[in-house]
Structure formats: structure tokens, C-alpha cells
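Engineer: Residue numbers (the working numbering), protein chains in the order written: chain A, 1 to 133; chain B, 1001 to 1517; chain C, 2001 to 2450.
Cβ atoms here follow ideal geometry from the backbone N, Cα and C, with glycine treated the same way.
(1) Below 7 Å between beta carbons is the criterion; list the residues of the region 1485-1514 of chain B that meet it against any residue of chain A, in chain order.
(2) For chain C, check one thing: does any of its Cβ atoms lie closer than 7 Å to the Cβ of residue 133 of chain A?
(3) Rounding to the nearest angstrom, what Cα-Cα distance links residue 1311 of chain B and residue 107 of chain A in this structure?
(4) Secondary structure at residue 1057 of chain B, three-state DSSP: helix, strand or coil?
(5) Comparing alpha-carbon positions, which option in B/1433, B/1364, B/1500 lies nearest residue 2046 of chain C?
(6) Helix, strand or coil, according to DSSP, for residue 2265 of chain C in the structure here?
(7) Please determine, among B/1317, B/1329, B/1398, B/1307, the residue with the shortest C-alpha to C-alpha distance to residue 2098 of chain C.
(8) Excluding the five sequence neighbours on either side, which residues of its own chain have a C-beta within less than 6 Å of the C-beta of residue 1413 of chain B, listed in chain order?
(9) Pick helix, strand or coil for residue 1481 of chain B, following the three-state DSSP scheme.
(10) Measuring CB to CB, does residue 2132 of chain C end up less than 7 Å from residue 1163 of chain B?
(11) Closer than 7 Å, CB to CB, is residue 1295 of chain B near chain C or not?
(12) Would residue 127 of chain A pass as an interface residue toward chain C - the criterion being a Cβ-Cβ separation below 7 Å?
(13) The beta strand (DSSP E) that contains residue 2211 of chain C, what's its start and end?
(14) With 7 Å set as the bound, which would you pick, yes or no: does the beta-carbon of residue 65 of chain A sit closer than that to a beta-carbon of chain B?
(15) Taking residue 2051 of chain C and residue 1113 of chain B to be in contact with their CB atoms under 8 Å, please state how far apart those CB atoms are, rounded to whole angstroms.
(16) Starting from residue 2031 of chain C, follow its DSSP beta bridges and name the residues at the other end.
(17) By the criterion of Cβ-Cβ separation under 7 Å, what are the contact partners of residue 2010 of chain C in chain B?
(18) For residue 37 of chain A, which residues in chain B fall below 7 Å Cβ to Cβ?
(19) Hey, is the region 36-43 of chain A in contact with the region 7-14 of chain A, meaning 3+ C-beta pairs nearer than 8 Å?
(20) Our contact map puts residue 1434 of chain B next to residue 1100 of chain B with C-beta atoms below 8 Å; I'd like the distance itself, whole angstroms only.
(21) Report the residues of the region 2406-2423 of chain C with a CB closer than 9 Å to any CB of chain B, ordered along the chain.
(22) In terms of residue numbering, what span does the beta strand (DSSP E) encompassing residue 1105 of chain B cover?
(23) Could you tell me which residues DSSP pairs with residue 8 of chain A in its beta bridges?
(24) Which whole-angstrom value describes the C-beta separation of residue 1426 of chain B and residue 1479 of chain B, a residue pair presumed to lie in contact below a C-beta threshold of 8 Å?
(25) Could you say which of C/2173, C/2200, C/2213, C/2277 lies nearest to residue 2384 of chain C if we only look at CA atoms?
(26) Could you say which of A/111, A/22, A/5 lies nearest to residue 101 of chain A if we only look at CA atoms?
(27) Tell me which residue opens and which closes the beta strand (DSSP E) that residue 2153 of chain C is part of.
(28) Identify the contact partners of residue 1472 of chain B in chain C, using a Cβ-Cβ distance below 8 Å as the criterion.
(29) What are the start and end residues of the alpha helix (DSSP H) that includes residue 2294 of chain C?
(30) Buried or exposed, going by whether 16 or more other CB atoms sit within 10 Å of the CB of residue 2115 of chain C?
(31) Taking one C-beta from the region 2063-2074 of chain C and one from the region 2392-2412 of chain C each time, how about it: are there three or more such pairs within less than 8 Å?
(32) Along the region 29-57 of chain A, where does the CB come closer than 9 Å to a CB of chain B? Name the residues.
(33) Given residue 1460 of chain B, which residues of its chain have a CB within under 6 Å of its CB, disregarding the five upstream and five downstream residues?
(34) Buried or exposed, going by whether 16 or more other CB atoms sit within 10 Å of the CB of residue 2079 of chain C?
(35) Report yes or no: do the region 1330-1340 of chain B and the region 1174-1184 of chain B share at least 3 C-beta pairs separated by less than 8 Å?
(36) Can you list the residues of chain B that residue 62 of chain A reaches, using a CB-CB cut of under 7 Å?
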């Protein structure tokens, strides 16, 4: 699966798509692949303040639970209601329909500091080499 | 290739039967849920008639009265109950049927005399609040078990209260915390090796400590140099499992104890692997300050599908004042008593003093062996090494140090064909065995953790070795057969994802189910 | 040794196969100075007959031949021999935790049935497959409420079992949870007015914990408590120590979490354990519920089967973030409860519960005839009640021993204000003749001068 060129990425495998002070975020294809079939997602409510690097939710598969870390700081505008009934969208469309939260950015400059798609693809390629070493 | 793929399923399995020596197909009864057999008016149990005047229940209980009995409760006959549970039982694997090579579980024989004595009138019937004059028999049992476990562990005192290993770990950490608090500083962190069982970090958090993971070194042992750097006066304790979850003895444990003690920290030992040590060496002699035992592992009390167990905690003298109450004491004239008040005690970790019935079984086991209990340990280590010798080269062995009572392989060789440890484990079921422990310890990706225990005969060990070799061959030649195993069980692989996405955790009458959809 | 399936020749064969000269070689990784030279000093070895003899002797030094009026969290009830017939089947007794679902369907289906029975009994939507006992279930329920509300204070009725409260205190000390106790009224029930005032204008209470029937035997009125708790954003946790009461008493439907002891369902008293605790609650709270859960599913061929599910809450996956550290639970005890309740069935449970009420009422009326003896609290009760005596219960009990009675529990240690009070429990197993003999004995003891 391709990593959209206009998105930004974190080392914890989240993606951010920012425009006009609002960012949408989710987890990457790499992350959903590591997790396996997703069974449940726990997301915050609108209004919740997010702090960069701090956990704000969880993604659960049959054999693991992963924290979701805020890639940027801001306030939650909306959590994706579709994920409640169909968490499996995260596996099938992690970069699109499986967006997790929309955030009102408190500091739009933070987004620029994140990896671009090329850097992220290099990052996960290196991880792959590590794993099979 | 095509011909073989077409053969997956019944045809292929029949062809495999002459390779599988231990198990065969057998007709097996179906059985629904007990609620599905229920019909009003059926009774399975009758009570003797009331010998006192009847009362108007509705009047006596008033608004609290439950008028209609428990809705949905089963109404079946005695024979239906017998058939129901008997049929269900035939769907289980069990130690009584064959080996469970589960690493660190110590699935040894559960002696039947233990069940008999635990059920005796005068043992099973005793109330924990009856006066101590009426409980001297129970108290003597507790005292003798305490003495035996102290002799086995080389420690100074013990509590039999914790209900299982995890509760024992918590008790141990609470003892450590209480002791350090009395010294003026309860400290913040507990060091835990990355190879540790999940209960260790979970318990440390409940005890109010931060967990700091310490990576194992290249041989799978605790990295002593790294430890030296990590032990500061902020560290309360290291939780060690010995032998480690790789089945390897931590040779430098006395040095590890010294490093900790020098900084005022303590050494906690998870006693899950005592089956490698009993009668051969004693944790107390090695520098351990406090440890728990798993009576449902080393001391043969039955797992019963998941418990009950018991997790006594043995400790050095300096931790004695903090023991959970009540404390067993001997008064003059040899009378035993339970003392409920101790000023520095950490309190109670569970009600009523402990899983007495489990303690009885463990004592019966120890009495049967007596001083000869070392033989069990030797046979356990012998079996593990025999299996290791025969499977080395067939499966990848990530750590080459000598194994004690368990050995950890990995699926690295079989992975090349897309067959992983879970698949191999599932195929082992077709061969008539319960799977070994998969995917643990976490430091070995694709682990196969094998602990035969001393209860396995050479014959059973040889059958196991043949099975594992057979599966390795299949993984190389016909991997699909292994990846889609098991083939011979009542149910095939179950949809765990569906069960977690839309949990159905109880039976409901049909009309309710439809409404729920 | 009869538990070891090896002959000396076989051991030798295996050593040769390994390439070791002696078994000692296999222990060389243990530094020599720590390897024991002598055998441990342990009693035995005992043959089977000697093991039995040892325990029979101990059994003879306990309470055989005595009639007990003790309850207080551990109850003597009829149990069918069939429960042991099933429990002793090797496939149940000696099987492991059902992580490998394909070969554990017996255990898993039985757990599923247990979970169902617990829901039916308590009126809740989901129940787990057991905690260690009622005290640990209550503690875990409180910790669950803490996680669900994000709050750190809990109000606990003093009429909750003293040992349950002690265990909660031990766990609370280390988690920073603040536990506040609420007293009881002259009816023997929790002081609801005090709860209301303790909750007023507070937004830091995670749970209110009561027990029903409570430690004094009194049935609590839950509706008012539930409303007050919910209005303050707190959860209502109801502990149940005597589960047979649910055959005649309305289940705590207003509770958010029920923490129940299952000992009454076919588990012998066994001097304190093993028992089994259960947590039952609402579906919406299930992901914060500790303990194992068996769920229904289908296999690759569409056949119904059962698996352990929602396991990511548990220690073996979540490790330091687990909902609890519990690993081994009380599965065999839960199985005993499942068999027992299935045998009793709807009518049997109702009948047993009603016999308990009738017997307890009879015992109370007999005992109240004794001059100086009166019931301490006047709330409705199930099978236990508190009596006030004209003198120390401990002294009465030591004299009752001569008559082969294990008398009422003296409440003075746990409740210093109840220094002359004793808790009497009567179940369907207490014979009328023994109740009458007991009343006569108490009367005689009290009529003697001090």
C-alpha cells in the first residue's frame, strides 16, 4: 500500500493530514499489519485536549493492544464514528476511511517537523531489515 | 504439488494416520448448552422436607422477595446433568490423557490420593471461623506445610495466604515496600527482565511501582553489567525467575543478589520454575530475599481448567514482621493458634487465610515423596534434556546454554516455508499432544517453549519427539497441512477475531437473541 | 516412586542418548557450592495408605461431631455427590487453562454456562469466569470502577464483610485509592443519609460499596443508594457473600457491578478455601472487567464453539497495563458451582433459599424466647441474624463447646461497639432438633451465674 505523499508520519506509525489549521490522523498500513485483525478502537470525545507524544486512545487486536500517541497537539474536533461498529476498516483502508480523529491544531508548525512519506518509507524499510537480521 | 493440495482434509489425514502413533479418530458425542435442554417441571435434585414451620416468604422478605425464581435457570433431570458434563469433559485434553509440554506450567501428574484427603470429613467441612480448639488438625497441617516449604526453599518464614502465583508476587512486592518504607524510603522502581512472565510487570504496577525493563544479554541471562548500572537507590527490587523462562539457570544469581543488596535493594524470585531446583539447590542459599511458589505447578495440585492454585511466599527473617495476618504460632503445650494482630503486617491479601484445600493437596504430595523429592527434579531435567538432544537441529535453538527442566526452540527454520510456532502447535494436537507454550518468552520470536515434567515416561517422550520430527518434515514438504491444523478435533480453528469484535458472553433465550441483532 | 514412570535402566538409556555420564552433569550450571549434598529433611516417603492415615488423624482433631451456627461469609449447604463425580473426571480435574480452544471445548462451554448462570442470578448483563473469592472480586470491582470513572475515592459500608474491607485496604494503600467507611443504622443497614451527604457536591467518588445480605445478615435497600451514587457520577458496587439468597431475594438490578462469592454454590467450607469470586456487570463496562471471559464463536466450518476472548485486557498480553494481574483463577471451583446450580435448577434453588428463610426464622423465634437474648437489628434478613446477649459471646461459646456446638460469631473484634453481639447462621442443613438443642443450651448457660 502506498503512503500518501501529502501526509506526514511519526515513528509510532501514525499519519497526519493537515490543512488550514485542522489535521486528520490515523495509523499507518505498517501499524495495522503489525497488529493483525483489529477488533476494537478506543477514541477520545470531542473537546479532549491532546499533547504531542502522549497516549490518547488504544487500538486492539486479538493478541495485542497498542496505544495511539498524539502526533501533534491540539483539541479533538471529532472522532470517527464508523470505527466503533466496523473497526476492521483500519485493516482495509488505514489511510482513508479509517481516519481516527480530527484535531484543531494548536501549533500548525509541529506538522512540518514530522517525517514525509519518503522518510517514513525508509524508516519502516530499515525496521524490516532489523527484524530479519 | 497439486495432488497433495487436493488431498488437504480428510483424505490427507487418513494417509497421515500411520505416522501418528499416539492418537486416532474416535466417535465423540455432541452436546448443546444446558439451557437448551431445559423444560419446566424437570428436577435434578431434591431437598429433604422442611422440618420447621413454613413461613410466608413474600411477607417475610417484603419488597425484597424474588417472586418467580431465577429466570432462565436450567430445569433438567439428574441423568441429563451427568450426560451433559460427561460429554463436555470428553472434549478436553488433560494430563490424565497425555503430555502437556507447556513451558513454565509444570503440568505434572495430579495424584488422586490428594483429592481423597482434601475431601475427608473433618478436612473439607471445617469453617475458618470455628474456634481454634476445634481446628488443631487444620493448624497442624498448615504448620507442617510451612516447615516443609521452608526446608525446600531455604528461607526463614512463610505465608500460605496468597491464592495463586500472581497474588504471591503482589504479596512479595508489598512486603518489600513495607520493609523499605520502614527504612524511610519505599523507592520507585522495580527491575524486570524482558523474558519475565506477564504477571511480573502487571503486579509491580499494582504494588505502586514503576516497571523498568532490563534486556537480557546474548545468552538469554540477566545482563549483570547493565544491572550494576541500573541499580540505584531508586530501585526497590529485581524480580528474577530462576531458572529463567528460557529454562537456563542464572549462574550469577549470587552476584546479582550482592549488587542489589549493596544498594539496599532486594531480590525477588518468581518460583514458577522450582521444578528444576527442588532438592538440588535452595533459593535462600543463593541470596534470594523473598519468593513465591506455585503449588499448582511444582507441588502437583490440579489445574482444573485454570485454577485454583496457591502462591505461598517465603522470605528471609528481616521481612517477617510484615507478613500478612493471621500468623500461625505455637503456644505452650504445643497448642497451635492464629494470631490476627501484628503491628507491621501488610494486612490481608485475601479473606480467610488461604486456599486450604489446595494446601492440603500440596502437603500430601510432599509427604508421598519425602526426602526423595530430588528424584522428581532429576527426572524433570533428564526429560527436558533428552527432548532437547533429539530436537536440536530439527528446530532452531536460539540459546545454547544448558537447559534445566525446560527448553526453548524457535520456528526460524520452519518460518522459511511460512509455518510458524502456532501452526506447529496446532498440528501437534493431531499427533495426540497438547501444544507447548507458543510465543513466550517474548525475547524469542516464534518460541516453542517445552517442559515435559518428570511425569512423562520415556515412551511418551519418544512419541513426542517423533511427533515433533514428523511435523518438521511436514513443514518442509507439505506446509499447508501444518498451517491449517488441527484436522482431527471436534472443532477446527475458531474465529477469535469475530469473538472479540462482537463478544457473545452468555446464552440468551432465542427471542432475546433475535432482538439483540 | 509411584509417581515417576522411569526404571533405572530407562534413566540410564536416556543419559546415554544425551551423552551425559550422570544426572549430576545436567546440574553443572548450578555453582557447586550451592548444590545440596544431602537429602532435604522432609517427613516421608509415605505410601498411599500412610498419606490417608496422616490426614484422617488430622481430621479427627477438628470439629467432627459438632453442629455449627457459623456463617459470616462461608456457608454450609447441601451439595450433591454428583458435583464431585463430575469434578473428579480427569478431563476436568487435570486439564489446563483453555488457551488451546480446539481441545478445551468442555472447559470453555462450562465457563460460558457459568457466566450465563451468574448473569441470571444477579440480573446483570455479563459476568466473568471467576476471581479468587468474594474479597478479591469486591476489590477488583472497586479498581474497575476507579478505571471507569477516573476517580480516586470510594465509600464502603461498614456493614460489608470486615475481611473484604481489609483486603480492599491492602490493595488501596498501594494504588493511592482513598477508602472512606460509612456506618450503619440501628436497623443494621448502611446509613443511606450518610452516603448521600458524603456524595453531596463531590465529584471524586468512583464507587459506593455495599453488601446484601450484609455482614449482619440484613438485606440492604439499594434503590436510594443507587440514585445517590449515580447522581454524583459514582458507580454502585454490590457485594454478595451468600449467593443462595438470590433464590428468594431480588437481585441487585440497580448495581453497576456485582461482586459475588460463589462458595455457597457447591463448594465445601474447606477451612477458608478454595472458593470462587465473580464479577458481573453491564455490557458497556466489559472491556474494563478483569478475569477470563469465554465467548461464543464459530470455527472455520461454521460450527459453534467457544474461546477465551477479550484477552488483551489480561496480564499475559497487556503486562503492566493489564486490568488485573490475575492469571490462575478458580476454574474448577466455578465448574463445581456450574454443576451444583444446574442440579439445583430453578425450583431447587428457590426451594433451598426458602428453606433457609424458614429455618432462620424458626431459630430466631426459639432464641428470642430466652430471657436476655434479643435481635439486635430489625431489617429483613435471609439466613443470618445478629443477636444481643447479656454477656460475652466468647464465654458463651466456650461453654457451648462442651455441648458440641460451634456457636455464633462474636462480633466484638471487628465491631468494638457490638461487644455482646453474636452472628447466628442457619441453613437448610441445620436440623430442627439441633436448633432446639442449641436454644436449650444457650438458655442453660445464661441461667447459670457468671
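Structural biologist: If we stick to the structure as given:
(1) 1496, 1497, 1500, 1501
(2) Counting from 1 along the first chain, the entry for residue 133 of chain A is found at position 133. Note on residue 133 of chain A: pLDDT 42, under 50, position unreliable in the model; the coordinate value appears next. For residue 133 of chain A, the answer is no, since every Cβ of chain C falls outside 7 Å of its Cβ.
(3) Position 311 of the second chain, counting from 1, holds the residue named residue 1311 of chain B. Position 107 of the first chain, counting from 1, holds the residue named residue 107 of chain A. Approximately 53 Å, taken between the alpha carbons.
(4) Locating residue 1057 of chain B in the second chain gives position 57, counting from the first residue. DSSP places residue 1057 of chain B in helix when its eight states are reduced to three.
(5) Counting from 1 along the third chain, the entry for residue 2046 of chain C is found at position 46. Residue B/1364 holds the alpha-carbon nearest to the alpha-carbon of residue 2046 of chain C among B/1433, B/1364, B/1500.
(6) Numbered from its first residue, the third chain carries residue 2265 of chain C at position 265. Coil at residue 2265 of chain C, not helix or strand.
(7) Sequence index remark: in the third chain, residue 2098 of chain C carries index 98 (1-based). Among B/1317, B/1329, B/1398, B/1307, the Cα nearest to that of residue 2098 of chain C belongs to B/1307.
(8) Within the second chain, numbered from 1, the residue matching residue 1413 of chain B stands at position 413. The answer, listed in chain order, is 1396.
(9) Along the second chain, read from residue 1 onward, the residue named residue 1481 of chain B stands at position 481. Looking at residue 1481 of chain B - three-state DSSP - the assignment turns out to be helix.
(10) Residue numbering aside, residue 2132 of chain C sits at position 132 when the third chain is read from its first letter. Residue numbering aside, residue 1163 of chain B sits at position 163 when the second chain is read from its first letter. Cβ atoms of residue 2132 of chain C and residue 1163 of chain B: closer than 7 Å.
(11) Position 295 of the second chain, counted from the start, is the residue given in the question as residue 1295 of chain B. No, no contact with chain C.
(12) What you label residue 127 of chain A is simply residue 127 of the first chain in a count that begins at 1. Chain C contact via Cβ: absent.
(13) As a first step, residue 2211 of chain C is located in the third chain; it is residue number 211 there, counting from the start. Start and end: 2205-2211.
(14) Taking the first residue of the first chain as position 1, residue 65 of chain A is located at position 65. By this cut-off, residue 65 of chain A is not an interface position.
(15) Against the third chain, residue 2051 of chain C aligns to sequence position 51. Against the second chain, residue 1113 of chain B aligns to sequence position 113. Residue 2051 of chain C to residue 1113 of chain B, Cβ: 5 Å. Contact.
(16) Numbered from its first residue, the third chain carries residue 2031 of chain C at position 31. Per DSSP, none; premise fails for residue 2031 of chain C.
(17) For this step, residue 2010 of chain C is matched to residue 10 along the third chain. Within 7 Å of the CB of residue 2010 of chain C, the CB atoms of chain B belong to 1458, in sequence order along the chain.
(18) As a position in the first chain, residue 37 of chain A is number 37, starting the count at 1. Here the neighbours are 1497.
(19) no
(20) The residue you call residue 1434 of chain B lines up with position 434 of the second chain. The residue you call residue 1100 of chain B lines up with position 100 of the second chain. Between residue 1100 of chain B and residue 1434 of chain B the Cβ distance is about 4 Å, and since that is below 8 Å, they are a contact.
(21) Residues of the region 2406-2423 of chain C with a C-beta atom less than 9 Å from some C-beta of chain B are 2406, 2407, 2409, 2413, listed in chain order.
(22) Numbered from 1 along the second chain, position 105 holds the residue referred to as residue 1105 of chain B. Careful: residue 1105 of chain B lies outside any beta strand (DSSP E) and carries neither H nor E.
(23) One-based indexing of the first chain puts residue 8 of chain A at position 8. BP columns for residue 8 of chain A point to A/16.
(24) As a working note, residue 1426 of chain B is residue 426 in the second chain. As a working note, residue 1479 of chain B is residue 479 in the second chain. Not really, about 13 Å apart at Cβ, beyond 8 Å.
(25) Along the third chain, one-based indexing puts residue 2384 of chain C at 384. Taking only the C-alpha atoms, the option nearest residue 2384 of chain C is C/2213.
(26) Looking up residue 101 of chain A in the first chain gives position 101. Looking only at A/111, A/22, A/5, the smallest Cα-Cα distance to residue 101 of chain A is reached by A/22.
(27) Counting from one through the third chain, the residue named residue 2153 of chain C turns up at place 153. Start and end: 2153-2157.
(28) Taking the first residue of the second chain as position 1, residue 1472 of chain B is located at position 472. Per Cβ cutoff of 8 Å: no residues; residue 1472 of chain B is ~19 Å from chain C at best.
(29) Position 294 of the third chain, counting from 1, holds the residue named residue 2294 of chain C. Note, residue 2294 of chain C: premise wrong, no alpha helix (DSSP H); beta strand (DSSP E) at 2294-2298.
(30) By 1-based counting over the third chain, the position of residue 2115 of chain C is 115. Per the 10 Å Cβ criterion, buried.
(31) With the cut-off at 8 Å, the region 2063-2074 of chain C and the region 2392-2412 of chain C touch.
(32) 36, 37, 38, 39, 40
(33) Locating residue 1460 of chain B in the second chain gives position 460, where the first residue counts as 1. If we look at residue 1460 of chain B and ignore the five residues flanking it on each side, its Cβ neighbours are 1099.
(34) If you number the third chain from 1, residue 2079 of chain C lands on position 79. Looking at its Cβ environment, which holds 16 or more other Cβ atoms inside 10 Å, residue 2079 of chain C is buried.
(35) As far as the Cβ criterion goes, the region 1330-1340 of chain B does not touch the region 1174-1184 of chain B, which means the pair count is below three.
(36) Taking the first chain and counting its residues from 1, one reaches residue 62 of chain A at position 62. Within chain B, the residues 1496, 1497, 1500 have their CB atoms less than 7 Å from the CB of residue 62 of chain A, given in chain order.
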